[in-house]
Structures are given as C-alpha cells and as structure tokens.
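Protein chains in written order, with my numbering: chain A, 9 to 524; chain B, -14 to 94.
Ideal Cβ positions, reconstructed from N, Cα and C, are used throughout, including at glycine.
Notes to accompany the following structure.
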C-alpha cells in the first residue's frame, strides 16, 4: 500500500492484475470465443452443416423422434433453427436424470449422428463463466472473484492514469516496446472502459443467485416454499403431474402457429414436450430472443393431447430489466454488426490484460534480477502459459476435433472428453515449455518461450483450417461460394490469427524488441 | 432505407466527432499538421463540436436500430470509432490532414 490514495490504488491495480490476470485472460478469451459459440459448433460438428428450409414442419421432422423417445424420456426439448443454427437440436432427459442429445436435418428429416464434441456452446461458453471447475462450484466463485478484481482494476486504473484525457488517443507503436505496451494497455483500458465495465458488472449480476443464494429471503421469506414462489414469479414455470394414461401428441405445427398469433411479430425458438405420451402431457413453447436485446421469458403452455392453450407467462418489469442486462451480456440476439463489435471489444479486453502483464514484467525484470528475486521469472512463465498457452490449447482443441474419428474412444473416455483432455494437456505442456525456455540471464525476457509458442500457435491455426478442408471437403473456397459464412468465418479468423502469430513471432525475433 | 442512412450517418458522426476531439489536442494536431495554431481557442471549439458529434449519433442510432439495439450499438461503437481514430493517428496521421486544413480555414484558429 502507498502513503497517498493514488499510490494505494496503484498497489491495488498492480497486485490485482498480477494475481488475477491469468484467470481474467482465460475468462475474456473464452467469452470472446463464445460470441461465436454456435459458429464454432457448426465448424466442429460437420454433420450439422445442413441447409434449413424456409418453412419447417415439426410434425413431419420431430413427431417420429418424439414417438421413438416417448418410452424413455420424461421431457424432450427441441431448439428450432435460426440464422445461426440450421438443424433441429433435440435434448431429452429420462426418469433417472440422464440427458441425451440428437440432431435432425429439417429438410430430409433424417437423424444426424452424435458429433461427439462439446464445441463452442458445450466447452468455450461454460469455461467462460465456470472455468469448467464444477467441484463445490469453485469455478463460479473464482470467476466472481476475478470479476470483482476486474472492476477494481478498471476503477483503480482510471485513478492512477494521470493524463487520462490528454493521452486519450495516444498510441506510439514505433516507440520502445515497453512504452508501446503501456500505450496499448492504456488505450484498450480507456477506450474499452464502458464495455469492459458493463460486461463485467452484467456478468456478476447474472450470477447473483450463486453469489447471494439467500437474497430472495428479504422479499419472500425463508425456506424452500419461499424459494419456489420466487422462482415461479420470476420465471413462470407451469407444471402438472403425469397421470399414466396414454394419449397421442397433437399437432406441434398448430401450437407454433398459435404461439405466433399470441406474440405478434414474435417467433418460437424452443419447444419442450413434458411427459410425452401421457394424457397429462403438455408442451412448452418459448419465444425467440433474436429480435431484441432483452432475453424475454415469454412462454406458452399447451395441452399435449388437445393443443389447447393452458398457461401464458410474461416476465414482470423487474425481471425484464434483469433479462435486458442478461441479454446485453449473452449476445443471443440476431445482430451481426453488434456481434462483431462485441468480438473485437472482447479481444481488446484480452489485449488489455496481456499488455498489463507484459508491462509489469518489463518494468521489474532488471530490479528483480539484481535483488536475486525469482518473482519475474515465475510470473513470466505463468504469463506465457496463460496468454499464448491458452490460445495454443484452443487451437489444439480444434485440431484434435478434426483428427479424431466420430467413434473415437480411449481409456474409457468418449470423443468429446478426449477433445477436452487434449485441451488441458496441451495447455499444461505450454506451462512446462515456458519454464524450460526461461531466459538466461534473468535480466533478459524469455524471448524463445514467447517466440516458439507463437510459431506453434500459427502452425496449429493453419493446420486446423487445412484439416477442416481435408476431413469435410468444406475448404474456404467451397464455403465462401455457397455462402456458409459460419464455417468460412471460423476458417478466416483462424488464418487471421495465424498471420498475427507469425507477425508477432518475427517481431519478437528482432534483436531490438522485448527490451526491458 | 432511411434507417440504413441514419446508421451510416451515426457512424460517420461518431468518427468525425472523435477526429475533432483528437485534433483539439496539441500533441495530435502537431502529429497531423506542420502549422501552428492558437490551440487555446481551438481546443474548446473542437472539444464541444466533437462531443456533440457523439451525442448526435445516439438519436440517429436509436432511430435506425430501435432503443435497445440503438443504445447498445452506440455504446460499443464509441469504443470502435475512438480506437479507429487512435490507430489512424498512430499509423496514418496524414489521413486527418484534409480535416485539419478545413478546421483551420473555417474555424479561424
């Protein structure tokens, strides 16, 4: 801590950044990828690269699947195609709580075999908010702690930035690397401040029930009944028990038509059949969130046997405000301009974290070496693994996805788990590499570690594009010609990333760069 | 059509506004031009004009995209356009020279 307020804030900024920077970079990186999570799904699950017809009949495409699942499933959910997904995604749960997923081509009505990959929505997205650490929900709490640290970093950063207005547009890329790094850190921090602050705050607000699990007690009282009352009022779930008498499923198409009549201008995005095949079965229809920022909770419930409307729910103003904040964070709306701006703003968060680390290392390298302290060396190895390491692990995840056959299994692990293992093992290897390739003497930066990891990153990114072309035939020319922008976009971003990695590796290789 | 025009105009207004804010700072004015001006007089004019540009972009954006998307797009666009101006100043500052000349001619600074 310092003897003035500004010095105290500088201390807070430095140590919050050094301690939480790695976690923050991982959260920002995975959050940035999650902006295009469904596009990654399409890239990593080639079987789902089908073309959606303009009009889809659920009665034709889904009812046979529902009939086949009726004996084992207690609920069957159907995600309808939209601008980002072209196949029907079916999720079901049996009485023991086991879950399963299926895909259906809406044009041919044929089942799409399980693609054996968690991909964007199953891996990148949960990693962003839980770090995939499920034990005692530690991941959520670590992300919450990192979020609080991020808010403290942003506020303290503004306080310690003496010339925030004078240096508002200042970036001097041709100056010494340490100066250019600090400029870029300040630039991304100041210009991205509204985005970074709001995206962090909204992320914390979304998980308020995790961080404050008893918050509802203030308004609803204590106990499970009070909690259930809060949930019912907030999310409006309709329920009724099965009566174990068989009944056929009425027309789902008619229910969707009625839903569109009930929501003028709105469309359905999700259908769930509860107690399929039972006379007390019912069908939940949820409204699409594509056409507005607010992730509405509008739901309609129909009697499964007759198709009669049973219940209608619309969220209260307070929940609608919360859903606007959620929508602002989740980016589920259909607005490509905003989606790309979110992507670049997310990348600016990654750059801000990375340049903060690099500046810390450069400014302390010589003094730590003179005092015989190992701090810089330890932090530099962690930084290499946390920054280029997670990027390499992500590329390895994509490469392994394209190398493994659909039926791959190893040591009791299925294909999806093997992809995840590859991610973590490669990530671990980057930390080991960073330690082995540390600088000698300690006054120099770990140039070889950075440079070699950049080359590996570029090679893996290019390999992923090549493997996608070879394993699916969907090379960049083909996807561009048939306007499959999701797959082409991922390929193009990988090539762009590879180019940047090559440029960085070559720049690090120049003797004048990376000076302390 | 009118919505698209509003969107383009909002983006242009935001970029122009940040250009004016940047040129209102002596360091950036000197990077872009080689002639000296009365910066004290010019700074206030460019600051308020630039700031007005950002504020003017908001209703245009809301008109084009609706209140939800419009406000959100405006907020994120500020980051994007300010970054664009910062990178132009870093790598291609002479691109702002025509604007600087026009400012000097019309604002008599």
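Chain B contacts made by the stretch 298 to 319 of chain A, where a contact means CB separation under 7 Å:
Hits within the stretch, in order: 300, 301 and 302.
_I'd like to know if residue 513/A contacts chain B, where contact means its C-beta is closer than 8 Å to some C-beta of that chain._
No, its Cβ sits nowhere closer than 8 Å to a Cβ of chain B.
### Query
Between the stretch 19 to 48 of chain B and chain A, which residues of the former have CB atoms less than 7 Å from a CB of the latter, in chain order?
Under the 7 Å Cβ criterion, the stretch 19 to 48 of chain B contributes no residue.
Practice prompt. Let me know if residue 165/A comes out buried or exposed under the rule of 16 or more other beta-carbons within 10 Å of its beta-carbon.
Written response: By the neighbour-count definition (other C-beta atoms within 10 Å, threshold 16), residue 165/A is a buried residue.
Quiz prompt | Proximal residues of chain A, C-beta to C-beta of residue 68/B below 7 Å | solution = Correct list: 199.
How would you label residue 198/A, buried or exposed, when you count the other beta carbons within 10 angstroms and need 16 or more for buried?
A buried status is given to residue 198/A, since no fewer than 16 other beta-carbon atoms sit within 10 Å of its beta-carbon.
| Which residues in the same chain have their Cβ closer than 6 Å to the Cβ of residue 410/A, if we skip the five residues on either side of it in sequence? | Only 475, 476 and 479 meet the Cβ criterion.
**Study point:** residue 496/A vs residue 484/A beta-carbon contact at 8 Å
**Key:** Taking C-beta atoms as the reference points, residue 496/A and residue 484/A count as a pair closer than 8 Å.
Distance between residue 366/A and residue 374/A (C-alpha atoms, nearest Å) = If I take the Cα positions, the gap works out to 14 Å.
- Message: Alpha carbons only, please: which of 201/A, 185/A, 433/A and 157/A is nearest the one belonging to residue 176/A?
- Response: Cα-wise, what sits closest to residue 176/A is 201/A.
**Report entry** Cβ-Cβ distance between residue 0/B and residue 79/B below 8 Å
**Finding:** Against a cut-off of 8 Å, the Cβ pair of residue 79/B and residue 0/B comes out as no contact.
Residue 395/A to residue 140/A, Cα distance in whole Å?
Between residue 395/A and residue 140/A, the C-alpha separation is close to 18 Å.
Where does the unbroken alpha helix (DSSP H) through residue 373/A begin, and where does it stop?
That run of the alpha helix (DSSP H) goes 344 to 379.
Check whether residue 294/A and residue 265/A have beta carbons under 8 Å apart
No.
Please identify the residue among 23/A, 19/A, 38/A and 17/A whose C-alpha is closest to the C-alpha of residue 402/A. Closest by alpha carbon: 38/A.
**Study point:** Simplified DSSP assignment, three categories, for residue 249/A
**Key:** Residue 249/A sits in coil when the DSSP states are folded into three classes, being neither helix nor strand.
Exercise. Is the stretch 499 to 519 of chain A touching the stretch 34 to 46 of chain B, taking contact as three or more C-beta pairs under 8 Å?
Worked result: Proximity of the stretch 499 to 519 of chain A to the stretch 34 to 46 of chain B falls short of the contact definition, fewer than three beta-carbon pairs being nearer than 8 Å.
Worksheet item: Do you know whose CA, among 438/A, 256/A, 173/A and 473/A, lies nearest residue 12/B's CA?
Response: Taking only the C-alpha atoms, the option nearest residue 12/B is 173/A.
Q: With residue 73/B as the anchor, note down where its beta strand (DSSP E) starts and where it stops.
A: Annotation: residue 73/B is outside any beta strand (DSSP E); the continuous alpha helix (DSSP H) that includes it extends over 52 to 76.
Report task. Could you please give the first and the last residue of the uninterrupted alpha helix (DSSP H) stretch that includes residue 282/A? Result -> Note, residue 282/A: premise wrong, no alpha helix (DSSP H); beta strand (DSSP E) at 276 to 282.
Based on DSSP bridge pairs, tell me the residues matched to residue 87/A.
Per DSSP, 97/A and 278/A.
Notebook entry, point to check: Between residue 274/A and chain B, is there a C-beta pair that is closer than 8 Å?
Noted result: Residue 274/A does not count as touching chain B.
Cα-Cα separation between residue 16/A and residue 362/A, rounded to whole angstroms: Put simply, the backbone Cα of residue 16/A is about 22 Å away from that of residue 362/A.
Chain-order list of residues whose beta-carbon lies under 6 Å from that of residue 442/A (same chain, five-residue window excluded): The answer, listed in chain order, is 389, 392, 393 and 457.
**Q.** For residue 168/A and residue 14/A, believed in contact at Cβ under 8 Å, the rounded distance
**A.** Right, their Cβ atoms sit about 6 Å apart.
> Pick from 359/A, 236/A, 188/A and 227/A: whose alpha carbon is nearest that of residue 35/A?
Replying inline: Nearest option by C-alpha distance: 359/A.
Q: Note down, in chain order, each residue of its chain lying with its Cβ closer than 6 Å to the Cβ of residue 48/B, except the 5 sequence neighbours on either side.
A: Hits under 6 Å: -9.
Runs of alpha helix (DSSP H) wholly within the stretch 267 to 345 of chain A (minimum 4 residues, chain order): If we require 4 residues or more, the alpha helix (DSSP H) runs fully inside the stretch 267 to 345 of chain A come out as 325 to 338.
query = Does DSSP put residue 173/A in a helix, a strand or coil?
reply = Judged by DSSP in its simplified three-state form, residue 173/A adopts coil rather than helix or strand.
Task: residue 109/A - containing beta strand (DSSP E), residue span - done: Its beta strand (DSSP E) spans residues 107 to 112.
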